[in-house]
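**Q** Supplied in structure tokens, the structure appears directly below.
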Amino acid sequence: MTPSSVSRMIDRLEKRLNVLLFTRSTRALAVTEAGQEIYHQALSVIAATKSLFSQADSYSDVPKGLLRITAPTTLGKILLTPFLPGFLRRYAEINIELNLTDHLINLTHESYDLALRVTDTPPINMVARALMPVDYVLVCAEHYDQRLPDMPGDLKQHNIFFPDDAQFRGEWRFWLNDTMESVTLTPRLMINNSDAMIDAILQGVGIALIPTFIANGYLLNGQLRRVLPDWRIENTLSMTTYAITLPNRLLPLKTRVFIDDFMAWLKAK
0 MTPSSVSRMI DRLEKRLNVL LFTRSTRALA VTEAGQEIYH QALSVIAATK SLFSQADSYS
60 DVPKGLLRIT APTTLGKILL TPFLPGFLRR YAEINIELNL TDHLINLTHE SYDLALRVTD
120 TPPINMVARA LMPVDYVLVC AEHYDQRLPD MPGDLKQHNI FFPDDAQFRG EWRFWLNDTM
180 ESVTLTPRLM INNSDAMIDA ILQGVGIALI PTFIANGYLL NGQLRRVLPD WRIENTLSMT
240 TYAITLPNRL LPLKTRVFID DFMAWLKAK
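If you use numbering that gives the first Met the number 0, the sequence shown closes out at 268, no skipped numbers anywhere.
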């Protein structure tokens with residue numbers, strides 16, 4: 000849709016409502032107070048309409064319709080991509096629109112049916128269903144040429160990479176049977192993208208903390224190896240993958256079967 004078409008539609012809407020929605024100048028366009036109020040009311044109408052259709056769909060025994068999903072990029076690539084072909088074969092009347100992004104999407108404003116999020120604090124104003132725990136492991140490149148640490152305290156002698164998240168800063172606790180050792184590490188590199196983290200690790204210049212589900216494939220093909228494999232990192236450095244949905248009373252059948260099938264697939268892996 001062209002800018003001129005949008006402008007004409009806004010003009011018609013303002014005339015229909017008999018109210019100014021935007022103030023215009025040669026350099027700027029700003030929403031008026033009335034425009035903001037009408038926008039928020041329109042969102043409520045859209046949400047109510049979606050809820051109405053969702054309730055109608057819930058009475059159908061055939062899952063169907065467009066399912067809009069958003070998920071973190073790496074989780075989507077590693078877990079959703081291999082899951083989706085089989086799901087689409089099983090449910091011929093469901094179409095999927097998948098947005099892989101590391102930015103949090105507002106489900107209401109963006110009209111998404113489902114968000115997959117890895118977090119330790121799911122949003123309290125949404126419905127969150129736990130899908131799988133996300134544990135972390137220490138890894139390095141197979142060709143890492145420094146002597147690997149024997150004890151957690153030895154990590155201080157190495158370049159340490161970990162996610163750019165406050166949860167990972169400060170004290171890490173390691174357990175070997177009943178023995179606990181705590182270490183406070185200063186990262187040489189913090190990255191907020193898992194693909195970039197893997198690329199950095201594979202250069203062989205450091206040891207990184209990454210989610211197990213990301214590490215597994217690289218461990219199996221020999222590109223990465225475990226560091227301190229006998230030690231368990233305390234579960235304060237663990238998160239959970241959640242299926243996040245809007246707090247509607249009735250979840251559409253298409254969304255329910257997706258969550259159920261994806262959870263079953265994860266458990267079978």
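Don't be surprised by glycine CBs; every beta carbon is placed ideally from N, CA and C.
#1: Roughly how many angstroms separate the alpha carbons of ALA150 and ILE159, rounded to a whole number?
#2: Measure the alpha-carbon distance for PHE86 versus PHE21 and round it to whole angstroms.
#3: What first and last residue would you give for the beta strand (DSSP E) that runs through ARG89?
#4: Quickly, what does DSSP pair TRP230 with across the bridge? List them, please.
#5: From LEU74 to ASP134, what does the alpha carbon distance come to, in whole angstroms?
#6: Give the secondary structure of GLU180 by DSSP, where H, G and I count as helix, E and B as strand, and everything else as coil.
#7: Fully enclosed by the stretch 3 to 41, which beta strand (DSSP E) runs are 3 residues long or longer?
#8: Please report how far the alpha carbon of ALA207 lies from the alpha carbon of VAL117, in whole angstroms.
#9: Name the residue from GLY205, ILE77 and PRO84 whose alpha carbon lies nearest to the alpha carbon of GLN145.
#10: Which two residues bound the contiguous beta strand (DSSP E) that contains ARG116?
#11: Is DSSP giving THR69 helix, strand or coil here?
#12: Pair every Cβ in the stretch 168 to 182 with every Cβ in the stretch 218 to 230, then say whether three or more of these pairs are closer than 8 Å.
#13: If PHE261 and LEU130 are in contact, beta carbons under 8 Å, what's the gap, nearest whole angstrom?
#14: What does the Cβ neighbour count give for VAL61, buried or exposed, with the cut at 16 atoms within 10 Å?
#15: Applying the 10 Å Cβ sphere with the 16-neighbour rule, what's the burial state of TYR241?
#16: Less than 8 Å separating the beta-carbons of ILE68 and LEU113?
**A** On the basis of the data shown:
#1: It should be pointed out that residue 150 corresponds to Met in this sequence rather than to Ala. C-alpha separation (whole angstroms): 15 Å.
#2: 45 Å
#3: Premise fails: ARG89 lies in the alpha helix (DSSP H), 80 to 89, not in any beta strand (DSSP E).
#4: TRP230 pairs with nothing; no bridge assigned.
#5: 13 Å
#6: strand
#7: 21 to 23 and 28 to 30
#8: 18 Å
#9: GLY205
#10: 113 to 118
#11: strand
#12: yes
#13: 7 Å
#14: exposed
#15: buried
#16: yes
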